[in-house]
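S.K.:
Numbering (my numbering), first residue to last: 864 to 1228.
1. Among all the DSSP beta bridges, which residues are the ones paired with residue 1099?
2. Between which two residues does the alpha helix (DSSP H) carrying residue 1078 extend?
3. Do residue 1192 and residue 1153 have their beta-carbon atoms positioned less than 8 Å apart in this structure?
4. Alpha carbon to alpha carbon, how far is residue 900 from residue 1194?
5. Any idea what DSSP makes of residue 1218, helix, strand or coil?
6. What does the Cβ neighbour count give for residue 973, buried or exposed, with the cut at 16 atoms within 10 Å?
7. Per DSSP, residue 1178 is paired with what?
8. Between the segment 1063–1082 and the segment 1133–1149, can you find at least three pairs of beta-carbon atoms closer than 8 Å?
9. Could you tell me which of 1185, 1155, 1188, 1183 sits nearest to residue 1174, measuring between CA atoms?
10. How is the alpha helix (DSSP H) around residue 1193 delimited, first residue to last?
11. Considering only the alpha carbon of each residue, which of 940, 917, 1132 lies closest to residue 927?
12. Report the residue ranges of all alpha helix (DSSP H) runs contained in full by the segment 923–980; include only those spanning at least 4 residues, in chain order.
13. Suppose you measure from the CA of residue 1006 to the CA of residue 1203; what does that come to, to the nearest Å?
14. On the premise that residue 1070 lies in contact with residue 1196, defined as a C-beta separation below 8 Å, what is that separation, rounded to the nearest angstrom?
15. In chain order, what residues of the same chain have a beta carbon less than 8 Å from the beta carbon of residue 1309, not counting five sequence neighbours either side?
16. Check whether the Cβ atoms of residue 985 and residue 1050 lie closer than 8 Å to each other.
17. Return the residue from the list 1009, 1098, 1147 that minimises the CA-CA distance to residue 1164.
18. Could you give the DSSP three-state label for residue 1069: helix, strand or coil?
19. Pull up the distance between the alpha-carbon of residue 1039 and that of residue 1211, whole angstroms please.
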């Protein structure tokens, strides 16, 4: 029996670990447990995802949240070390690029426990992003590197990784999207907010480059006002963004057709995503989901670690050029269809491929 610990800390992690947990649990030779670091502690950004995605209650809840990057990482490491020493697992699986990913990877590596990284090889080449540091460190010590798009293979090759440890398996987020298609289709959020299909804009923002600088934030508010002149805008507000926006919005009249919501669960958000006219975001995962669905995505970032969403998908980077973003919005609102290609192996079977590889490697070696 091989013991496996799967780590989750934030909303994107929850979405990715669901199909992996199920695929591994279906293998009788694996004893699989979940460890939730607590990095996202808001109930809407935490508990609801476990309920919606039918994830079991985590076997370990570390309850580490808040604080600086250094403080949070250190506290997660200390708490997770106790779990590893208690469980003595054969493998630790981390996903994505958050602080929990790197912290638990370091602990596993220092305790000589094999480490698997799902979404390995993604690079923005922007070291001002904490996520980029987390990705690079995690990949440098992982024993199994599971890649979601071709650029990951290119980057890991250039970095000198042993290619026998690198596996192109596809995008596990798409597994979750496909598995929950019926529940997404029947979700009632459009009715709740009186929205018509393909007749609203969906906005999400949370990155410091967009919401921390007062000057940029003021420009962003003017941009949102301009979007509202075109269509109804629905904006599920990340807690970090809400805090930054409150001061600016006190001095601005909020447009009548701007809908603020609390952070949403997976199912209602995916329903909004599926039927939006255009999505404006700075999220990495949303770039992937809109590419799969075929929804125009305008990304308010200077770079992306997911270039496949530009190469074959529906994503365009505009940075903080809000004028260009408005022109693109107008262009997309006039289009009746959008040409895009679904990347190779984004087929809902990524977790099954990961499980098969790990079964072969862990049970043979």
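Think of the CB as a built atom: it goes at the ideal place given N, C-alpha and C, for glycine as much as any other residue.
Here the structure is a predicted model, which means the values were calculated and not measured.
M.R.: In brief:
1. For residue 1099, which the question treats as bridged, DSSP gives the partners 1124.
2. 1077–1091
3. no
4. 43 Å
5. helix
6. exposed
7. 1160
8. Output reads yes: the segment 1063–1082 touches the segment 1133–1149.
9. 1155
10. 1185–1197
11. 940
12. 932–950, 962–973
13. 34 Å
14. About 25 Å separates the two Cβ atoms, so there is no contact after all.
15. Any question about residue 1309 goes unanswered here, given that the chain covers just 864 to 1228.
16. no
17. 1147
18. coil
19. 7 Å
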